[in-house]
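Undergrad:
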Amino acid sequence: MSSDKTVYLPADRLGALRLWMVDQKVDAYLVTSADAHQSEDCPEHDRCLFWLSGFSGSLGRALVLQQEAVLFVDGRYQVQASKQIDPALWHIAHLHQTPPEKWIATQGEHSALRIGYDPMLWSVDQADALRASLKTCGPELIPLDDPFSAIWVDRPASPVGKVRAMPERLSGLSFGEKLAQIREELHADQIELWVESRPDEIAWLLNRRGSDVPMHPVPLSFAIIPSKGAVSWFIEPQKIAGDGMEGLDVKPFAPAEFLSRLSKEAEGKRVGFDPMFAPDAVKASAESAGATLVPRSNPIMIRKARKTEAELKGYRDAHHADGIAWVEYCHWLSVEVPKRAAAGNPVTECEAGDKINQFRQAVSGYLEPSFKPISAVGPNAAMCHYNPTPGRDAPLLPGSLYLLDCGGQYESGTTDATRTFAFGGCPEALKPAATAVLRGFLSLSMATFPEGTFPHQLDALARMHLWQLGLDYDHGTGHGVGHNLLVHEYPHRLGKLPNCFGLEPGNIMTIEPGYYLEDGFGLRVENQVEVIAEESGFCSFRPLTLVPIDLALFSLDRLTQEEVIWLDAYHVRVREALMDGLSPQCRRWLDHATKAIAARGRE
11 MSSDKTVYLP ADRLGALRLW MVDQKVDAYL VTSADAHQSE DCPEHDRCLF WLSGFSGSLG
71 RALVLQQEAV LFVDGRYQVQ ASKQIDPALW HIAHLHQTPP EKWIATQGEH SALRIGYDPM
131 LWSVDQADAL RASLKTCGPE LIPLDDPFSA IWVDRPASPV GKVRAMPERL SGLSFGEKLA
191 QIREELHADQ IELWVESRPD EIAWLLNRRG SDVPMHPVPL SFAIIPSKGA VSWFIEPQKI
251 AGDGMEGLDV KPFAPAEFLS RLSKEAEGKR VGFDPMFAPD AVKASAESAG ATLVPRSNPI
311 MIRKARKTEA ELKGYRDAHH ADGIAWVEYC HWLSVEVPKR AAAGNPVTEC EAGDKINQFR
371 QAVSGYLEPS FKPISAVGPN AAMCHYNPTP GRDAPLLPGS LYLLDCGGQY ESGTTDATRT
431 FAFGGCPEAL KPAATAVLRG FLSLSMATFP EGTFPHQLDA LARMHLWQLG LDYDHGTGHG
491 VGHNLLVHEY PHRLGKLPNC FGLEPGNIMT IEPGYYLEDG FGLRVENQVE VIAEESGFCS
551 FRPLTLVPID LALFSLDRLT QEEVIWLDAY HVRVREALMD GLSPQCRRWL DHATKAIAAR
611 GRE
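The letter at position 486 of the sequence shown is residue 496 when you use the numbering used here, and the numbering goes up by one with no holes.
(1) As an exercise, report each continuous beta strand (DSSP E) stretch of at least 3 residues that is fully enclosed by the region 258-338, in chain order.
(2) Is there at least one Cβ from chain B nearer than 8 Å to Q191's Cβ?
(3) Find the nearest neighbour of Y127 within the set I152, V134, T146, judged by alpha-carbon distance.
(4) Over the uninterrupted alpha helix (DSSP H) stretch that includes Q538, give me the two end residues.
(5) My output table needs one value for W576: the three-state DSSP class, helix, strand or coil.
(6) Taking Cβ positions, are R370 and D415 nearer each other than 8 Å?
(7) So, with DSSP's three-state summary, where would you put F60?
(8) Within a Cβ cutoff of 6 Å, which residues of the same chain sit near T458, ignoring the five residues on either side of it in sequence?
(9) Return the CA-CA distance between G173 and L230, expressed in angstroms with no decimal places.
(10) I'd like the list of long-range same chain contacts for R583, defined as Cβ closer than 8 Å, with 5 residues on each side in sequence excluded.
(11) Within the region 483-568, note down every full beta strand (DSSP E) run reaching 3 residues or more, in order along the chain.
(12) Which same chain residues end up closer than 7 Å to Q200 when comparing Cβ atoms and leaving out the 5 residues on each side of it in sequence?
(13) Could you check the C-alpha separation between S168 and L481 for me, to the nearest Å?
(14) Excluding five sequence neighbours on each side, which residues of the same chain lie with their C-beta closer than 7 Å to the C-beta of I542?
(15) Can you pull the DSSP bridge partners for S133?
(16) Could you say if the region 432-444 and the region 482-502 meet the contact criterion of at least three C-beta pairs nearer than 8 Å?
(17) Considering only residues of the region 189-232, which uninterrupted beta strand (DSSP E) runs meet the minimum length of 3 residues and lie entirely inside it, listed in chain order?
(18) Report the option in E319, I312, G220 whose CA atom is closest to the CA atom of G182.
(19) Select from Y525, Q107, K382 the residue whose C-alpha is nearest the C-alpha of A362.
(20) Would you mind working out which of S453, W599, L272 sits nearest S207, comparing C-alpha positions?
(21) Per DSSP, what kind of secondary structure is Q419 in: helix, strand or coil?
(22) Quick one: is the Cβ of A72 within less than 7 Å of any heavy atom of the ligand FMN?
(23) Are the CB atoms of P408 and A351 nearer to each other than 8 Å?
(24) Could you name the residues of the same chain whose beta carbon sits closer than 6 Å to that of C52, not counting the 5 residues immediately before and after it, in chain order?
(25) Can you tell me where the alpha helix (DSSP H) holding G450 begins and where it ends?
(26) Rounded to the nearest angstrom, how far is the Cβ of G324 from that of G423, given a contact under 8 Å?
(27) Evaluate C58 with the Cβ neighbour count: other Cβ atoms within 10 Å of its Cβ, from every protein chain shown; 16 or more gives buried, anything less gives exposed.
(28) Buried or exposed for C340, please, with buried defined as at least 16 other CB atoms from any protein chain shown within 10 angstroms of its CB.
(29) Restricting to Cα atoms, I'd like to know which of D259, G257, S242, D253 is closest to S270.
(30) Do C394 and Y526 have their C-beta atoms within less than 8 Å of each other?
(31) I need the straight-line Cα distance from E50 to Q136, nearest angstrom please.
(32) L566 to V447, Cα distance in whole Å?
(33) Suppose you measure from the CA of L154 to the CA of P129; what does that come to, to the nearest Å?
(34) Using the beta-carbon count (16 or more within 10 Å), is G220 buried or exposed?
(35) Cβ of V539 within 8 Å of Cβ of M519?
(36) Over the uninterrupted alpha helix (DSSP H) stretch that includes H475, give me the two end residues.
Right, dumping it as structure tokens:
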């Protein structure tokens with residue numbers, strides 16, 4: 011059963027946008043799920059695509075014309091989108107296979123369109139790609155101000171969450187040390203002014219954390235970093251009142267001054283920006299000021315991905331605490347699921363998703379979840395980013411598969427892990443796919459590779475066993491994780507798409523292959539890992555996650571000796587790391603859950 015709530019929003023929202031389009035003399039308008047910072051999860055104020063369409067996923071785009079509207083989502087969200095939009099108002103297309111510009115090119119009657127967009131919400135790369143594609147088929151891209159400020163009459167206010175300091179004992183470097191590193195790199199490209207639009211880069215640089223968006227501890231802001239002098243920080247003044255920033259070479263300004271200030275400071279200078287994330291409006295403002303544009307990869311982002319020793323210790327501490335919470339939770343599941351099902355009062359997806367965070371609240375350093383738990387039973391788990399709805403969520407019953415993908419924000423780091431549970435064993439028909447997922451997880455976890463290897467070069471290791479069965483999954487295999495920052499951190503993305511940021515010691519990644527059968531089940535195994543240097547000069551992954559893997563899902567006789575050795579060693583490490591911090595009943599559960607594979611065969 012699906013528990014996703016169908017949301018049919020009033021057609022007059024599309025009608026209001028179409029009237030605005032007529033007033034602006036454009037034939038179509040492009041809407042994106044992103045905000046001005048290209049955030050995956052935006053504050054309610056910036057969830058314009060959700061307000062317009064009803065689609066609640068973290069990534070999507072829409073093209074609205076006078077007679078039709080198309081929603082573009084990737085493979086993670088095809089099922090979810092079909093359940094959330096009104097099919098009488100919207101069509102669905104695949105974001106990567108048929109992006110908006112490709113869809114437009116296939117529609118011959120649209121060759122003379124004037125297409126509006128908000129240049130603050132589309133990155134330079136996105137807008138340039140749109141312009142280049144549309145140039146070949148005729149339509150013109152028109153920059154416009156935000157239409158939703160006019161048509162969304164009950165739009166929530168922009169958030170003004172308080173900013174807090176990140177202690178240097180946890181960050182490992184002061185603001186001054188970080189700024190010197192960044193300026194040294196900018197100097198190599200003769201960049202006189204760097205424009206930063208990513209809140210997590212600014213938070214890392216300034217050793218600050220925020221509370222504008224739940225589970226994303228960054229203050230929404232912009233910054234201009236000159237080669238000399240004070241950093242200009244564009245942030246609502248309420249956020250930093252009483253922050254104690256005295257002594258920092260930082261001048262705060264209101265966000266509304268960002269583009270005008272940029273035009274003034276950029277005049278005649280070499281201005282650097284990351285075209286992957288910087289708003290298209292940044293490029294336009296710098297160009298209008300006569301600046302020399304220097305698009306390049308983000309030096310702050312790359313430095314941030316090289317975790318300091320203090321940060322790495324923090325991750326390990328956070329994962330130790332998280333592991334304690336996970337084991338307490340797994341023991342709770344093992345007791346409550348069969349007991350409550352037999353009593354006719356089964357545990358539900360919402361209850362199970364909330365329970366893991368209750369256990370986290372009891373461990374040291376926990377602040378909040380790092381994202382909303384994906385708590386999914388059976389067919390619901392086939393939706394990769396499914397979120398249950400209270401009152402409509404499915405029960406956890408013996409014989410069902412249950413997937414939990416969740417994480418925590420700790421003072422010392424951020425966690426993200428996924429486990430799939432088989433209550434009463436896994437049906438034999440599912441075991442080939444499940445075992446292929448596990449073997450892909452193990453192949454990548456055991457990989458050794460040269461420093462500088464691009465993440466996408468490793469992706470096939472996680473998929474090859476599924477490919478042998480003619481199966482695959484339509485999401486990435488891994489991502490970077492921030493240090494009490496964003497759970498999805500750039501620049502590293504491990505997947506099929508090229509990612510040309512080489513891996514090096516100190517990087518933090520996830521490994522998370524899966525398999526999903528629509529209306530059937532979903533299965534994923536995810537660990538967070540640290541890239542470490544080997545004596546050979548090569549690199550490998552060392553697990554940070556300390557959570558047992560439910561081996562009842564898999565055909566263990568299909569594993570190689572090397573895979574068995576790795577799994578047994580991982581479970582020994584989990585047991586030794588966590589045992590002393592557990593209650594007696596959880597110790598017994600953990601001892602059984604981490605038993606060697608050979609010993610399981612003798613039971």
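The beta carbon of each residue, even a glycine, is placed where N, CA and C say it ideally should be.
TA: Walking through what the data contain:
(1) 260-263, 280-283, 302-305
(2) Among the chains in the structure shown there is no chain B, since it carries only a single protein chain.
(3) I152
(4) Counting along the chain, Q538 falls outside any alpha helix (DSSP H), though it belongs to the beta strand (DSSP E) covering 537-543.
(5) helix
(6) no
(7) Of the three classes helix, strand and coil, the one that applies to F60 here is helix, per DSSP.
(8) If we look at T458 and ignore the five residues flanking it on each side, its Cβ neighbours are F548, S550.
(9) It is Val, not Gly, that sits at residue 173 in the sequence shown. Rounded to whole angstroms, V173 to L230 spans 10 Å at the Cα level.
(10) P553, L556
(11) Correct list: 488-490, 499-504, 518-521, 524-527, 531-534, 537-543, 548-553.
(12) R280
(13) 44 Å
(14) P515, C549, S550, R552
(15) DSSP lists P289 as partners of S133.
(16) no
(17) 203-206
(18) E319
(19) K382
(20) L272
(21) strand
(22) As presented, the structure is devoid of all ligands, the ligand FMN included, so that no description of it is given.
(23) In this structure, A351 lies closer than 8 Å to P408 by Cβ.
(24) Within the same chain, C52 has close Cβ partners D45.
(25) 441-455
(26) That pair is a contact at about 4 Å.
(27) buried
(28) buried
(29) S242
(30) yes
(31) 15 Å
(32) 12 Å
(33) 7 Å
(34) buried
(35) Yes, they are a contact pair.
(36) 469-477
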